[in-house]
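Undergrad: Residue numbers (the working numbering), protein chains in the order written: chain A, 1 to 369; chain B, 1001 to 1293.
The C-beta atom is built at its ideal place from N, Cα and C for all residues, glycine as well.
No experiment lies behind these values; they were computed from the predicted model shown.
Structure provided below as structure tokens; questions to follow.
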């Protein structure tokens, strides 16, 4: 390639050839860069584009650009106030249980005087004095999925992160055979989450599930059997516990590697100073784990937002949408219902949430040298 | 401190082991249940869940479930598919990602820092959010095969392999590792006239055993265990289906629990055996993802 250069420049090109290597550099990086561009970055921008159209998987009509309509259809949310029903004297009408009665929500959402509420449905309501405040949304399932996803994240982060730290402290003792226990605790990590979810369906079974039998035996029959995955109150919690159980070994190992970076001298000083076990943890161990804590927190959060396989195998979003999640809805709409633009819109919103989280990570770790 | 007597210390040791064992039971019981249940006929399996017999190989024990599971689904085929896809993806992944990481760490070229930032930025895109757009794309991609140009990648091995070859985490692992290798080695080899590729092949890769182990273990687990959503939507034909999708065969009409347990055992035991043999490498590889953060 030097042949094309004039003789006068050839010398300097020779000199920089040892350090500058544009062609070889790009050549080495290109396969990876091209694959990541085609299979991650391109579909990512494609999702953005699709969320602005009315694309369906199979449709006789041509695709149209609809602007932000999909976002409006998902995000539309309002609170309306309903006064109690009154008879002609102005007294509130009570039903046979003695409770106040309210007009149906559709008297508002189908009222031509309120075009802004058209097509919205009730998500939940609460009482405020005599009135009922009703949260209505244009896409209730989406809002439930968002609320469930945030609930999942909110509970699994302390459960899995904290549980993993406890395990790491438990396993970080010098005892004969400690490796054996570490091996067992880590074991669920190497099993597919699909397999684990199926096994736990058996454990959570309402009739003769293992969990009901174990609880029944431990409480001498006092504990009534529960259909863990079949009830809206317990389904999401059951999936949280199982997910934490599966992945806790992974973060135990991350905590362990963090624990091992703390200098033993610090513990010796703490022992000389007469620090209690809790003080040692609070003032020596925990400060030494700060970076590890941020990492564990972020990894669990990101994984939690991608919750899909457990839902698909165990509940399909039910019962009563109590285990719907954003990713499950994105896939169900985009693939199951062939509503590609709707699914893509959820994906884009999910991406912004994840972006927000990782920016928070940058912020939390900003003063690291 | 001086008050700790011998009996006290003994008692504390017993307590410690008791706690450790109790926790171990919590982590082991579903897997023990899976393996034991796979040996029992359905009726006994369901009855046994009400007692400790669920965890004991008692009663009518046989390998019948395994025979029936093999009759029900082409398990051998699914296994081979998964193993093939895993091996090809993992080997291409470590080759291509390490080559790119080499360029990012040791070579100077215009656009290098921007390219690395773009690659690492994809770390925060969850795959599930791009699955459906990617499905639309791969259904129309061309492929040049022995019979000329074909269109569409659905129902093939390539659709399960090519999109998964490069991921930001693998590149990141290699970049972190290469940064810590002594640069003088690379500079010396270059000064002696070795080409960049020779430096990569003869100097850097022979020193990269630990990071190779990490990348191979993490990627293999991902490819073998977690390929569920993607093959579910892009592979409809039996000939190319991987093991996790094959689970659907055991949920037609009545669930055959014993056979299902046999299938779950069959697909989990190879990984468990690998893990038990290589557990130090497994745990070291997870730990190494954490240290640098």
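Compute the Euclidean distance between the alpha carbons of residue 1066 of chain B and residue 144 of chain A, then round it to the nearest angstrom.
TA: Counting from one through the second chain, the residue named residue 1066 of chain B turns up at place 66. Counting from one through the first chain, the residue named residue 144 of chain A turns up at place 144. Going from the Cα of residue 1066 of chain B to the Cα of residue 144 of chain A covers about 41 Å.
Undergrad: For a contact meaning CB atoms closer than 8 Å, what does residue 229 of chain A contact in chain B?
TA: For the purposes of this step, residue 229 of chain A is taken as residue 229 along the first chain, with counting starting at 1. Ordered by position in chain B, no residue passes the 8 Å Cβ test against residue 229 of chain A, which lies about 14 Å from the chain.
Undergrad: Can you find the residues in the same chain that come closer than 7 Å, C-beta to C-beta, to residue 194 of chain A, ignoring five residues on each side of it along the sequence?
TA: Counting from one through the first chain, the residue named residue 194 of chain A turns up at place 194. If we look at residue 194 of chain A and ignore the five residues flanking it on each side, its Cβ neighbours are 309 and 313.
Undergrad: State the start and end residues of the unbroken beta strand (DSSP E) segment that holds residue 131 of chain A.
TA: Taking the first residue of the first chain as position 1, residue 131 of chain A is located at position 131. Annotation for residue 131 of chain A: the continuous beta strand (DSSP E) segment containing it runs 131 to 137.
Undergrad: Give the DSSP-derived three-state secondary structure of residue 92 of chain A in the structure shown.
TA: Here residue 92 of chain A refers to the residue found at position 92 of the first chain. Shown here, residue 92 of chain A sits in a strand according to DSSP, grouped into three states.
Undergrad: Would residue 13 of chain A count as contacting chain B if we go by Cβ distances under 7 Å?
TA: Here residue 13 of chain A refers to the residue found at position 13 of the first chain. Low confidence applies here, because residue 13 of chain A scores a pLDDT of 47, under 50, leaving its location unreliable; read the following figure in that light. Closer than 7 Å: no.
Undergrad: Is it the case that the segment 1193 to 1201 of chain B contacts the segment 1241 to 1252 of chain B, given that we only count it when at least three CB pairs across the two stretches are under 8 Å?
TA: no
Undergrad: Check the DSSP bridge columns for residue 1151 of chain B and list the partner residues they point to.
TA: The sequence position of residue 1151 of chain B within the second chain is 151, counting from 1. According to DSSP, which records beta bridges pairwise, residue 1151 of chain B is partnered with B:1142.
Undergrad: Ends of the beta strand (DSSP E) at residue 127 of chain A?
TA: As a working mapping, residue 127 of chain A is identified with position 127 in the first chain. Its beta strand (DSSP E) spans residues 121 to 128.
Undergrad: Span of the alpha helix (DSSP H) holding residue 259 of chain A?
TA: Sequence index remark: in the first chain, residue 259 of chain A carries index 259 (1-based). Counting along the chain, the alpha helix (DSSP H) containing residue 259 of chain A begins and ends at 235 to 259.
Undergrad: Is DSSP giving residue 20 of chain A helix, strand or coil here?
TA: As a position in the first chain, residue 20 of chain A is number 20, starting the count at 1. If DSSP states are grouped into helix, strand and coil, residue 20 of chain A belongs with the strands.
Undergrad: When you compare only the Cα positions, how much space is there between residue 80 of chain A and residue 100 of chain A?
TA: Position 80 of the first chain, counted from the first residue, corresponds to residue 80 of chain A. Position 100 of the first chain, counted from the first residue, corresponds to residue 100 of chain A. Roughly 17 Å separates the two Cα atoms.
Undergrad: In whole angstroms, give me the CA-to-CA distance for residue 22 of chain A and residue 1209 of chain B.
TA: As a working mapping, residue 22 of chain A is identified with position 22 in the first chain. As a working mapping, residue 1209 of chain B is identified with position 209 in the second chain. Residue 22 of chain A and residue 1209 of chain B have their C-alpha atoms some 28 Å from each other.
Undergrad: Answer with buried or exposed for residue 1230 of chain B, where buried requires no fewer than 16 other C-beta atoms within 10 angstroms of its C-beta.
TA: The residue you call residue 1230 of chain B lines up with position 230 of the second chain. Residue 1230 of chain B should be labelled buried.
Undergrad: Just the C-alpha distance for residue 1007 of chain B and residue 1276 of chain B, rounded to the nearest angstrom, thanks.
TA: For the purposes of this step, residue 1007 of chain B is taken as the residue at position 7 of the second chain. For the purposes of this step, residue 1276 of chain B is taken as the residue at position 276 of the second chain. Between residue 1007 of chain B and residue 1276 of chain B, the C-alpha separation is close to 36 Å.
Undergrad: Could I get the ranges of all uninterrupted alpha helix (DSSP H) runs contained in the segment 1210 to 1293 of chain B, with 4 residues as the minimum, in chain order?
TA: Fully contained in the segment 1210 to 1293 of chain B are the following alpha helix (DSSP H) runs of length 4 or more, in chain order: 1229 to 1234, 1243 to 1246, 1257 to 1277 and 1279 to 1292.
Undergrad: Grab me the residues of residue 73 of chain A's own chain with a C-beta within less than 7 Å of its C-beta, minus the 5 sequence neighbours each way, in chain order.
TA: Here residue 73 of chain A refers to the residue found at position 73 of the first chain. Taking C-beta separations shorter than 7 Å and ignoring five residues to either side along the sequence, the partners of residue 73 of chain A in its chain run 138 and 139, following chain order.
Undergrad: Would you mind sorting residue 363 of chain A into buried or exposed? The rule is 16 or more other CB atoms within 10 Å of its CB.
TA: In the first chain, the residue the question calls residue 363 of chain A occupies position 363. Per the 10 Å Cβ criterion, exposed.
Undergrad: Assign residue 1061 of chain B to one of two classes, buried (16 or more other C-beta atoms within 10 Å of its C-beta) or exposed (fewer than that).
TA: Counted from its first residue, the second chain places residue 1061 of chain B at position 61. The residue is exposed, with fewer than 16 neighbouring Cβ atoms inside 10 Å.
Undergrad: Measuring alpha carbon to alpha carbon, tell me which of A:305, A:279, A:250 and A:325 ends up nearest residue 292 of chain A.
TA: Start at 1 with the first residue of the first chain, and residue 292 of chain A comes out as number 292. Among A:305, A:279, A:250 and A:325, the Cα nearest to that of residue 292 of chain A belongs to A:250.
Undergrad: Using three-state DSSP, classify residue 78 of chain A as helix, strand or coil.
TA: If you number the first chain from 1, residue 78 of chain A lands on position 78. It is a strand residue.
Undergrad: For a test of the three-state rule: what should DSSP assign to residue 53 of chain A, helix, strand or coil?
TA: Residue numbering aside, residue 53 of chain A sits at position 53 when the first chain is read from its first letter. Note: residue 53 of chain A maps to strand in three-state DSSP.
Undergrad: Would residue 1106 of chain B pass as an interface residue toward chain A - the criterion being a Cβ-Cβ separation below 7 Å?
TA: Working through the second chain from its first residue, we reach residue 1106 of chain B at position 106. By this cut-off, residue 1106 of chain B is not an interface position.
Undergrad: Might you give, ordered along the chain, the residues of its own chain that have their beta carbon closer than 6 Å to the beta carbon of residue 1048 of chain B, omitting 5 neighbours on each side?
TA: On the second chain, position 48 is the one that residue 1048 of chain B refers to. 1054.
Undergrad: Put residue 6 of chain A into one of helix, strand or coil per three-state DSSP.
TA: For the purposes of this step, residue 6 of chain A is identified with residue 6 of the first chain, where counting begins at 1. For residue 6 of chain A, the predicted structure reports a pLDDT of 49, less than 50, and the residue's modelled location is therefore unreliable. A value from the coordinates is still provided. Coil, per DSSP.
Undergrad: Determine whether the Cβ of residue 1225 of chain B lies closer than 7 Å to any Cβ atom of chain A.
TA: Residue mapping note: residue 1225 of chain B aligns to position 225 of the second chain, counting from 1. Chain A has a Cβ within less than 7 Å of the Cβ of residue 1225 of chain B.
Undergrad: According to the Cβ coordinates, are residue 1205 of chain B and residue 1089 of chain B closer than 7 Å?
TA: Sequence index remark: in the second chain, residue 1205 of chain B carries index 205 (1-based). Sequence index remark: in the second chain, residue 1089 of chain B carries index 89 (1-based). No, they are not a contact pair.
Undergrad: Who pairs with residue 86 of chain A in a beta bridge, going by DSSP?
TA: Counting from 1 along the first chain, the entry for residue 86 of chain A is found at position 86. Beta-bridge pairing links residue 86 of chain A to A:92.
Undergrad: Once the 5 residues before and after residue 1072 of chain B are set aside, which same chain residues still bring their CB inside 8 Å of it?
TA: Working through the second chain from its first residue, we reach residue 1072 of chain B at position 72. These residues qualify, in order along the chain: 1249, 1250, 1256 and 1259.
Undergrad: Would you say residue 1293 of chain B lies against chain A (beta-carbon separation less than 7 Å)?
TA: Taking the second chain and counting its residues from 1, one reaches residue 1293 of chain B at position 293. Per-residue confidence for residue 1293 of chain B stands at a pLDDT of 40, beneath the threshold of 50, marking its modelled position as unreliable; the derived number appears in the next sentence. Yes, residue 1293 of chain B lies at the interface with chain A (some Cβ there is under 7 Å from its Cβ).
Undergrad: Would you kindly work out how many angstroms separate the C-alpha atoms of residue 210 of chain A and residue 1108 of chain B, rounded to a whole number?
TA: Counted from its first residue, the first chain places residue 210 of chain A at position 210. Counted from its first residue, the second chain places residue 1108 of chain B at position 108. If you draw a straight line from the Cα of residue 210 of chain A to the Cα of residue 1108 of chain B, it is about 60 Å long.
Undergrad: Just to make sure I have the definition right: I need the residues of chain B whose C-beta is within less than 9 Å of the C-beta of residue 208 of chain A. Which are they?
TA: In the first chain, the residue the question calls residue 208 of chain A occupies position 208. Within 9 Å Cβ-Cβ: 1046, 1047, 1049 and 1050.
Undergrad: Express the C-alpha separation of residue 66 of chain A and residue 52 of chain A in angstroms, rounding to a whole number.
TA: Against the first chain, residue 52 of chain A aligns to sequence position 52. Against the first chain, residue 66 of chain A aligns to sequence position 66. Distance between the alpha carbons of residue 52 of chain A and residue 66 of chain A is about 6 Å.
Undergrad: Do the segment 1157 to 1171 of chain B and the segment 333 to 342 of chain A meet, that is, are 3 or more Cβ pairs less than 8 Å apart?
TA: Segments in contact, no.
Undergrad: Drop a sphere of 10 angstroms on the beta-carbon of residue 39 of chain A, count the other beta-carbons inside from all chains shown, and report buried for 16 or more, exposed for fewer.
TA: Indexing the first chain from 1 puts residue 39 of chain A at position 39. For residue 39 of chain A, the number of other beta carbons within 10 angstroms of its own is at least 16, and it is reported as buried.
Undergrad: Mapping DSSP to helix, strand and coil, what is residue 65 of chain A?
TA: Along the first chain, one-based indexing puts residue 65 of chain A at 65. Residue state, collapsed to three classes: strand.
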